[in-house]
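In our numbering, the protein residues as written are 827 to 1079.
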């Protein structure tokens, strides 16, 4: 049986604006398992990204607790949260934010050397990962402005993976990509998950969500549905899509 990797108890997040309070997350009890590819779905404003930021330590909950393994990260101060994120989390966003004045390889190395001081080992891992995601040596030498959207996002995934994160967090990673580039990025994420990488991803796209093995559906800050899709198998995409669409229909999405 898989181990619980990340869990919340009575997790709440409230924002105040103009004297009014907006309760974005409401008493969430979640158990995420090591090795899972968990997808968070929901309509705009449902709390998807807020939940992702809380789980990853990018934002603190208003109430409740978040445990990563045996550690309660919701009690950490900002400095310790930064260390936690650096040591345990990788991040992939819709906007990739590669450094414009560095090559693809140097972008990856810059992240890797934040933790490792062994440049030779870090460079070897960077080149291995870049190759695994389908980026050629010619591409490694390019600057971000010279990359296609799919190439840039794959480079962003490598940057997120260089420090061997326990969990990869992705927020709409295919939202700005065309269909072909989206497929290439999803293939990379699927491959990484199949080799043991834990992933938590926010998306509103059915094709993207199909790559996960577990779907959490949020509405108004509450988990209204929790579906198991099982491991992704390319040849069963039509059946998988039908299952997911039926689930989302039940959720009135």
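For every residue, glycine included, the Cβ atom is placed at its ideal position computed from N, Cα and C. Predicted model only: the values in this text are computed from it and were never measured.
Ends of the alpha helix (DSSP H) at residue i?
i: residue 1005; result: 1005 to 1020
i: residue 965; result: 963 to 966
i: residue 948; result: 945 to 958
i: residue 1031; result: First-last for residue 1031: undefined, no H or E at that position.
i: residue 987; result: 975 to 987
i: residue 1109; result: With the chain running from 827 to 1079 in the structure shown, residue 1109 is simply not present.
i: residue 936; result: 930 to 938
i: residue 969; result: Where residue 969 is concerned, there is no enclosing alpha helix (DSSP H), given that its DSSP letter is neither H nor E.
i: residue 1064; result: 1063 to 1076
Relative to the alpha-carbon of residue i, which residue among the options has its alpha-carbon at the smallest distance?
i: residue 975; options: 902, 947 and 1004; result: 1004
i: residue 949; options: 914, 1041 and 989; result: 989
i: residue 962; options: 1009, 929 and 1023; result: 929
i: residue 1041; options: 1073, 951 and 883; result: 1073
i: residue 852; options: 1049, 1019 and 885; result: 1049
i: residue 915; options: 922, 921 and 907; result: 907
i: residue 854; options: 831, 880 and 946; result: 880
i: residue 966; options: 876, 924, 947 and 1007; result: 924
i: residue 848; options: 835, 888, 882 and 829; result: 888
i: residue 890; options: 955, 835 and 882; result: 835
i: residue 905; options: 895, 1031 and 884; result: 884
i: residue 1009; options: 1031, 1024 and 1022; result: 1031
i: residue 1021; options: 896, 958 and 886; result: 958
i: residue 973; options: 953, 952, 1007 and 954; result: 1007
Does the distance between the C-beta of residue i and the nearest non-hydrogen atom of the ligand ZN fall short of 7 Å?
i: residue 837; result: Questions concerning the ligand ZN fall outside what the structure shown contains, since it holds no ligand whatsoever.
Who pairs with residue i in a beta bridge, going by DSSP?
i: residue 848; result: 841
i: residue 1052; result: 1042
i: residue 833; result: 857 and 893
i: residue 1024; result: 993
Assuming residue i contacts residue j under a Cβ cut-off of 8 Å, what Cβ separation, rounded to an integer in Å, is found between them?
i: residue 866; j: residue 1026; result: 7 Å
i: residue 1044; j: residue 872; result: 4 Å
i: residue 833; j: residue 857; result: 5 Å
i: residue 1077; j: residue 1051; result: 5 Å
i: residue 1088; j: residue 992; result: No statement about residue 1088 is possible, as the shown extent of the chain runs from 827 to 1079 and does not include it.
i: residue 984; j: residue 999; result: Incorrect: roughly 13 Å between the Cβ atoms, too far for contact.
i: residue 892; j: residue 912; result: Contact doesn't hold; Cβ gap of about 17 Å is too wide.
i: residue 850; j: residue 863; result: With a Cβ gap of about 24 Å, residue 850 and residue 863 do not count as contacting.
i: residue 869; j: residue 926; result: The pair is not a contact, with the Cβ atoms about 34 Å apart (cut-off 8 Å).
i: residue 1082; j: residue 860; result: Any question about residue 1082 goes unanswered here, given that the chain covers just 827 to 1079.
i: residue 920; j: residue 1002; result: 5 Å
i: residue 878; j: residue 1028; result: 5 Å
i: residue 945; j: residue 939; result: 7 Å
i: residue 982; j: residue 922; result: 4 Å
Can you tell me where the beta strand (DSSP E) holding residue i begins and where it ends?
i: residue 866; result: 863 to 868
i: residue 1127; result: The question about residue 1127 has no answer, for the chain in this structure spans 827 to 1079.
i: residue 1080; result: Only positions 827 to 1079 of the chain appear in the structure, and residue 1080 is not among them; the question remains open.
Taking 8 Å as the CB-CB limit, is residue i close to chain B?
i: residue 943; result: Any reference to chain B falls outside this structure, which holds one protein chain only.
Inter-stretch contact at 8 Å, needing at least 3 Cβ pairs: the segment 1005 to 1016 / the segment 921 to 940: no
Using 8 Å as the cut-off, can you tell me whether the segment 897 to 905 makes contact with the segment 977 to 988, which would need three or more C-beta pairs spanning the two stretches below that distance? no
Counting Cβ pairs closer than 8 Å, one from the segment 1029 to 1043 and one from the segment 1053 to 1065, do we hit at least three? yes
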